[in-house]
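-16 is the number that the working numbering gives to position 3 of the sequence shown; each next residue is one higher, with no gaps.
Positions of the beta carbon are idealized from the N, C-alpha and C atoms, including for glycine.
First comes the structure, then the notes that go with it.
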Amino acid sequence: MQIFGVDIGGSGIKGAPVDLDKGDLAQERHKVLTPHPSTPDAVADGVKEVVDHFGWSGPVGVTFPGVVTDGTTVRSAANVDKSWVDTDARMLLGDRLGGMPVTVVNDADAAGIAEMHFGAGRGRRGTVILLTFGTGIGSAVFVDGLLVPNTELGHLELNGHEAEKRASSKAKEDHGLTWEHWARRVQKYLAHVEMLFSPELIVIGGGVSRKSDRFLHHIHGIKAEVVPAQLQNNAGIVGAAMRAATGV
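Rendered as structure tokens:
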């Protein structure tokens, strides 16, 4: 069974048909740059461009980098234009895609859903936290396999700043940090998350997950097992398609 998944990020919008039996992309993903300003209409155009690239017609799952309640209404927009707040994203995107059924979910929650079913969290009980490091830091918290939605742990305070302003992969680039220096910031952030939630497993997702050999060995003192996401940066696309297909 195939369902289309789209992952909206602060820097790019990427998507592809997803093979839900394998938990993998059925075709190579297509990506466009996130427009600036990233207004609802502009981003909706980008989503349409990605979907149209494949000539897709059918259900579409879409991630959003912020809080999404009831699969419809956007409640926060830290890394996209603030005009997204209170937007009915499902209606907007459904209209732009010509009436295709659209499901909208927080981006990190989608990545977590995919990793818990097909990836690093598969079969794991207790508290599992997936953290996506990209333009910001997204989070997905699971307790015995059940999602606690819209946790937004990237906005925790770290050294007097929002954590994602200090420890996201964008912060690494903006501040010109080495992998080792950046890993020390990530370590401080993980220690704070661990103090609050005491997880058994922390999964590191986002684009940096494919470069885990460059930084994970610099992270010390975390009691939880810390592993890279197995689906890497495709997890959001896969999770979006899963949510569109099953609603779980």
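Taking a C-beta distance under 8 Å as the contact criterion, residue 59 and residue 65 do not qualify as a contact pair. Annotation note: the stretch 36 to 108 contains the following uninterrupted beta strand (DSSP E) runs of length 3 or greater, listed N- to C-terminal: 41 to 45, 83 to 87. The DSSP-derived three-state label of residue 203 is coil. Sequence-distant partners of residue -13 (beyond 5 residues in either direction) whose C-beta falls short of 8 Å from its own C-beta, in its chain, are -6, -5, -4, 28, 31, 32, 41, 42, 43, 44, 218, 221. Secondary structure of residue 194 (DSSP, three-state): helix. When beta bridges are read from the DSSP output, residue 11 appears opposite -4. With fewer than 16 other CB atoms across the displayed protein chains lying within 10 angstroms of its CB, residue 22 is exposed. About 12 Å separates the CB atoms of residue 49 and residue 83; that is not less than 8 Å, and the two are not in contact. Residue burial annotation: residue 162 is exposed, with fewer than 16 other C-beta atoms found within 10 angstroms of its C-beta. Residue 1 sits close to residue 226, with the two beta carbons spaced by under 8 Å. Taking the Cα of residue 8 as reference, the smallest distance to any Cα among 16, 17, -8, 34 is reached at 34. Residue 104 and residue 206 have their C-alpha atoms roughly 15 Å apart. In the three-state reduction of the DSSP assignment, residue 150 falls in the helix class.
Going by DSSP, residue -12 is part of the beta strand (DSSP E) stretching over -17 to -11. Distance from the CA of residue 154 to the CA of residue 122, rounded to the nearest whole angstrom, comes to 27 Å.
Note that the stretch 90 to 101 does not touch the stretch 137 to 157; fewer than 3 beta-carbon pairs, one per stretch, sit closer than 8 Å. If you draw a straight line from the Cα of residue 78 to the Cα of residue 68, it comes to about 16 Å. For residue 25, the enclosing alpha helix (DSSP H) covers residues 21 to 34. Note that the C-beta distance between residue 131 and residue 90 is below 8 Å. Where residue 121 is concerned, the enclosing beta strand (DSSP E) starts and stops at 118 to 124. Close CB contacts of residue 179 within its chain, under the 6 Å cut and outside five residues either way in sequence, are absent. According to DSSP, residue pairing for residue 178 in a beta bridge does not occur.
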